[in-house]
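Let me begin by presenting the structure, written as structure tokens, before commenting on it.
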Amino acid sequence: MAALLEVEHLRIEFPTRRGTLVAVDDVSFSIDEGEVLGVVGESGAGKSLTGTAIIGLLEPPGRVAAGEIRLMGRRIDDLPYEEIRKIRGKQIGAVFQDPLTSLNPLYSVGRQLIETIQTHTDLSPTQARTRALELLQEVGIPAAERRVDHYPHQFSGGMRQRVVIALALCVNPKLVIADEPTTALDVSIQAQIIALLKRLCRDHGTAIMLITHDMGVIAETADRVAVMYAGRIAEIGPVRSVIKEAKHPYSHGLMGSIPKINDTKERLDQIEGSMPRLTEIPPGCAFNPRCPHVFERCRVERPELLDAGATRASCWLYAHG
Amino acid sequence: MKTWRNLKDLIRRFAGSDVFFSFKRSPTVVAAFLLTLIFLVAAVFAPWIVPHNTYDVASLNLMDARLPPAWIEGGRATYLLGTDEQGRDVFSTIILGSRVSLLVGFASVILALTLGVALGLIAGYVGGVTDTVIMRVADVKLSFPAILIVLLIDGVARGVMPRDLHDKAAVYVIVLAIGFSAWIQYARTVRGLTLVEKNKEYVQAARVIGLHPILIMFRHVLPNVTGPVLVIATLGLGIAVLTESTLSFLGVGVPPTEPSLGTLIRIGNNFLFSGEWWMAIFPGIFLVLLVLSVNLLGDWLRDALNPKLR
Amino acid sequence: MFAYIARRALQSVLVMASVAFVAFALFQYMGDPINQMVAQDASAAEREALRRVLGLDRPFYVQFLVFLKNIATGNFGFSFRVGSPVAQIIAERLPATLELVFVAAMFALFIGVPAGVYTGLHRHGAMSRFMLTISLIGVSLPTFLIGILLILIFAVLLGWLPSFGRGQTVQLGFWSTGFLTTSGLKALILPSITLGLFQTTLIMRLVRSEMLEVLRTDYIKFARARGLTNRAINFGHALKNTLVPVITIAGLQIGGLIAFAIITETVFQWPGMGFLFITAIQFVDVPVMSSYLVLVALFFVIINLIVDLLYFAVDPRLRVERSVSAH
């Protein structure tokens with residue numbers, strides 16, 4: 010069975026006058042129908058760019074330099090603008106970080122919903138409005154009949170993110186790319202929004218690519234997780250395995266930074282140093298200067314994703330396994 | 100020795116900077132820069148480089164009046180761009196005229212800049228009633244076009260001063276009028292930036308260790324506003340030169356004895372219909388070239404200093 | 113919303129009051145109008161008599177109150193230079209200026225806004241670069257020079273259009289219009305292009321930079337992610353969001369047109385208020401100067417009011433009652 014989304018050897022470049030920056034390099038993964046894939050990493054690791062590239066919205070001069078992106082077996086990274094536009098919203102929805110700025114302040118939420126619905130379906134204005142009302146109710150907006158004509162500034166942050174989710178799901182896409190959907194929200198609301206997203210996608214059989222730097226959210230939500238570091242995938246595998254016994258030294262360190270309830274440690278573990286800038290990625294494995302297990306090969310040769318028990322890790326420690 | 104090394108270091112840093120890179124990349128900007136430079140040099144050394152001293156009335160010969168440019172039949176090689184109705188060499192009057200225009204331009208920009216930056220810093224840093232008063236005045240003034248304010252100031256000066264005194268003081272009046280009409284933009288920009296800088300940690304820290312507010316503003320806030328102010332000043336120079344020439348064209352600017360480019364166009368305009376186009380058109384071309392170069396520089400500077408727009 | 117309007121109204125009153133005061137101060141302190149009106153050899157007694165007739169011997173505050181009452185009732189006094197009532201002189205010339213400003217404003221809006229949208233959307237296109245270069249030249253060309261060049265080309269060399277005046281006008285009540293005759297319309301072409309060109313380039317550059325700004329926002333990115341068509345995004349979402357700043361500046365600019373008309377009217381000898389004002393300055397004709405000021409201030413206040421109303425139409429954040437966002 011073909012996966013819903015397949016990304017193979019994706020490479021994203023930014024040409025600058027000081028040379029080409031490789032922001033995402035040789036990234037491969039797939040998402041099955043209805044599956045939740047978490048993508049974690051620090052800012053600048055390339056996770057958002059990967060998501061943006063899938064919906065074809067990389068901002069110039071950024072570009073997909075190599076690799077393929079396929080949706081249900083059909084290649085979509087080289088489609089003409091009009092073709093990929095019809096896929097956006099209809100087959101791949103998106104939710105961005107900041108609900109406060111994701112909605113056009115000058116139009117009512119109803120109008121923005123109706124507009125999206127009518128762009129992708131043949132519904133009449135009245136039918137589209139009914140659908141918009143249903144959606145608002147489904148995402149838990151109280152008094153939807155009245156609220157549908159309100160403007161974004163009349164909603165709180167959490168309510169706005171619900172509207173954004175309604176917009177992303179309004180024509181039942183196969184996949185939703187949720188890029189830090191809760192980062193800008195209050196902690197108390199974050200859990201509600203994640204739960205809502207998860208419930209809706211389960212009900213509609215929608216797959217999610219959940220991009221975040223919050224391992225806690227991933228642990229609760231995702232089926233599988235991809236850990237990204239300096240533009241590459243460090244480790245990918247089932248979420249339980251990665252959390253319990255991460256194979257890549259980086260993801261191992263990352264898991265050590267999650268607080269555990271019955272833990273008596275005074276301080277959380279942390280990885281020494283910081284992720285290199287795109288201009289300063291070292292040869293060999295990008296993680297080698299910070300890695301506790303570094304050896305000669307890591308400084309010279311770059312590791313591919315290798316089988317490492319339950320997960321796959323790009324680390325020379327597993328070269329013989 | 101040390102300063103020399105610092106200077107070299109500065110030049111090297113500038114040569115490697117983004118600003119210089121975008122400068123080199125655009126031939127238009129380089130051309131504009133060179134043209135501005137030529138205008139400046141010509142203006143500064145005008146009395147020594149003009150072929151004819153047109154300010155010296157005794158040297159004028161009415162027999163030479165209204166001669167066309169040298170390449171047209173009837174023109175003479177000594178009068179490259181022809182002569183005006185008093186027999187003045189058009190090329191010389193243009194160089195001397197652009198000197199007057201640039202003088203007024205620079206002086207009024209310096210006035211507006213000093214006034215605007217000072218008021219903006221004060222408004223932004225002190226805040227409260229001072230801020231409200233300064234910005235209200237700016238609002239009311241902003242709702243009036245600068246040209247009207249300039250005309251008004253000039254009109255008042257005309258009214259309160261005897262005629263011969265006004266003619267002597269005309270240049271100062273115009274500098275004052277233009278400078279006074281242009282300070283708002285500086286004040287607004289500087290105020291906004293000051294408000295941002297004021298709350299940054301390094302300014303707070305400077306305040307905590309007990310530096311005097313004036314010292315803090317000059318040493319810490321001012322360097323951060325130089326970029327935008329430089330852009331406004333460059334574009335402001337173009338506007339000031341245009342305003343001056345407009346006033347002179349309207350006949351309320353500098354006196355015709357020491358004509359600016361605007362005055363020359365005004366005089367030449369009277370002869371346009373009789374076919375003696377060179378008296379108005381050549382000063383016009385020089386005026387446009389001057390303002391265009393300055394504007395190009397200002398435009399480029401704004402884009403280069405604001406990487407967001409690239 | 114009510115508080116907002118009240119504040120704006122107060123501001124308008126403040127502007128009008130300060131302009132009225134400046135206008136009055138002109139009256140009070142600018143030279144001695146008597147000198148302008150009597151013959152060089154007039155005796156002191158003759159001067160005194162005229163002073164009394166004009167009420168110039170009364171105390172400062174009485175004169176200011178009389179002045180306020182007068183301008184409120186449309187009585188602007190007599191021109192020092194011509195001797196006829198200022199109100200009448202201005203009424204004769206008002207239509208000429210307003211028609212010119214109207215045509216120039218339409219020209220600026222209908223060329224400037226589409227050109228700005230185009231250059232904002234096709235940022236790196238050859239056509240955009242060309243239009244930007246043209247606009248930079250437009251900003252660098254002084255108004256009077258544009259007028260002179262247009263006259264030289266279309267009036268002197270080609271002889272297609274008149275070089276001065278309004279052409280034939282038709283009297284509609286107190287309003288004399290140039291819109292109804294061919295020669296009147298022809299006479300409008302060159303002056304309104306001259307007057308509007310600077311504002312056109314300004315509006316174009318403004319719309320362009322606002323478009324670029326808006327196209328970078330998150331809600332445009334999200335609109336793209338929703339798969340909306342380019343047309344809906346560019347014109348429905350982006351353009352509407354650029355309107356608020358554009359309305360402000362366009363309002364100011366159209367107000368500016370009234371002032372810039374001074375230059376255009378001088379070049380084309382257009383029988384409007386600006387031409388009148390510049391003559392008044394040259395001859396220190398204070399009543400005409402100050403009445404012109406008060407009138408221009410009034411136009412500005414009206415334009416600002418219209419701009420405020422347009423805000424309400426465009427931006428729902430202003431329209432909505434405060435109570436909703438409070439809870």
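Chains as they are written, first to last, in this note's numbering: chain A, 10 to 330; chain B, 100 to 409; chain C, 113 to 439. C-beta: ideal position from N, C-alpha, C; glycine also.
Closer than 9 Å to chain C by CB, residue i
| i | result |
| --- | --- |
| residue 376 (chain B) | yes |
| residue 259 (chain A) | no |
| residue 332 (chain B) | no |
| residue 189 (chain A) | no |
| residue 64 (chain A) | yes |
Separation of residue j from residue i, as counted between CA atoms
| i | j | result |
| --- | --- | --- |
| residue 37 (chain A) | residue 31 (chain A) | 15 Å |
| residue 250 (chain B) | residue 393 (chain C) | 8 Å |
| residue 21 (chain A) | residue 155 (chain A) | 45 Å |
| residue 292 (chain B) | residue 194 (chain B) | 39 Å |
| residue 327 (chain C) | residue 353 (chain C) | 10 Å |
| residue 353 (chain B) | residue 403 (chain C) | 26 Å |
| residue 192 (chain A) | residue 106 (chain A) | 6 Å |
| residue 187 (chain B) | residue 153 (chain B) | 6 Å |
| residue 96 (chain A) | residue 380 (chain B) | 59 Å |
| residue 340 (chain B) | residue 272 (chain B) | 15 Å |
| residue 285 (chain B) | residue 276 (chain B) | 16 Å |
| residue 141 (chain A) | residue 153 (chain A) | 9 Å |
| residue 292 (chain C) | residue 207 (chain C) | 13 Å |
| residue 139 (chain A) | residue 120 (chain A) | 12 Å |
| residue 69 (chain A) | residue 110 (chain A) | 21 Å |
| residue 50 (chain A) | residue 319 (chain A) | 20 Å |
| residue 336 (chain C) | residue 297 (chain A) | 39 Å |
| residue 266 (chain B) | residue 396 (chain C) | 15 Å |
Interface partners of residue i on chain C, CB under 9 Å
| i | result |
| --- | --- |
| residue 76 (chain A) | What residue 76 (chain A) touches in chain C: nothing, since even the nearest Cβ is about 21 Å away. |
Beta-carbon neighbours of residue i, restricted to chain C and to distances below 7 Å
| i | result |
| --- | --- |
| residue 225 (chain A) | The contacting residues do not exist; residue 225 (chain A) stays about 25 Å from chain C at best. |
| residue 43 (chain A) | None at all; the shortest Cβ gap to chain C is about 21 Å. |
| residue 368 (chain B) | 260 |
Contact with chain B by residue i, beta-carbon distance below 9 Å
| i | result |
| --- | --- |
| residue 371 (chain C) | yes |
| residue 256 (chain C) | yes |
| residue 398 (chain C) | yes |
| residue 354 (chain C) | no |
| residue 198 (chain C) | no |
| residue 264 (chain C) | yes |
| residue 253 (chain C) | yes |
Beta-carbon neighbours of residue i, restricted to chain A and to distances below 8 Å
| i | result |
| --- | --- |
| residue 334 (chain C) | 103, 105, 111, 112, 173 and 176 |
Beta carbon proximity, residue i to chain A, threshold 9 Å
| i | result |
| --- | --- |
| residue 340 (chain C) | yes |
| residue 234 (chain C) | no |
Rounded Cβ spacing between residue i and residue j (contact assumed at less than 8 Å)
| i | j | result |
| --- | --- | --- |
| residue 239 (chain A) | residue 54 (chain A) | 6 Å |
| residue 257 (chain A) | residue 52 (chain A) | Contact flag wrong, Cβ pair sits at about 19 Å. |
| residue 98 (chain A) | residue 180 (chain A) | 7 Å |
| residue 345 (chain B) | residue 361 (chain B) | 6 Å |
| residue 209 (chain C) | residue 370 (chain C) | 7 Å |
| residue 209 (chain A) | residue 176 (chain A) | Between residue 176 (chain A) and residue 209 (chain A) the Cβ distance is about 12 Å, and since that is not below 8 Å, they are no contact. |
| residue 225 (chain A) | residue 194 (chain A) | So it is not a contact: roughly 14 Å between Cβ atoms. |
| residue 287 (chain B) | residue 219 (chain B) | 7 Å |
Chain-ordered chain C contacts of residue i [CB-CB under 8 Å]
| i | result |
| --- | --- |
| residue 263 (chain B) | By Cβ distance, chain C contributes nothing, its closest Cβ being about 14 Å from residue 263 (chain B), past 8 Å. |
| residue 221 (chain B) | Result: empty, since nearest Cβ-Cβ is about 22 Å, beyond 8 Å. |
| residue 364 (chain B) | 256, 257 and 260 |
| residue 125 (chain A) | 338, 339 and 340 |
| residue 98 (chain A) | 337, 338, 339 and 340 |
Neighbour list for residue i in chain B, Cβ cutoff strictly below 7 Å
| i | result |
| --- | --- |
| residue 368 (chain C) | 244 |
Partners in chain A for residue i, counting only beta-carbon separations shorter than 7 Å
| i | result |
| --- | --- |
| residue 330 (chain C) | 105, 107, 110 and 111 |
Residue-chain proximity (residue i, chain D), Cβ-Cβ < 9 Å
| i | result |
| --- | --- |
| residue 348 (chain C) | The chain labelled as chain D is not found among the protein chains of the depicted structure, namely A, B and C. |
- What residue ranges within the region 94-152 of chain A form continuous beta strand (DSSP E) runs of no fewer than 3 residues, ordered along the chain? 101-104
- Item | Every unbroken beta strand (DSSP E) within the region 180-238 of chain B, with a cutoff of 3 residues, ordered by chain | none
- Message: In chain order, what are the residue ranges of uninterrupted alpha helix (DSSP H) at least 4 long that sit wholly in the region 231-295 of chain B?
- Response: 245-259 and 262-280
- Query: Can you give, in chain order, each stretch of the beta strand (DSSP E) that sits fully within the region 234-301 of chain C and has at least 3 residues?
  - Reply: 282-284 and 287-289
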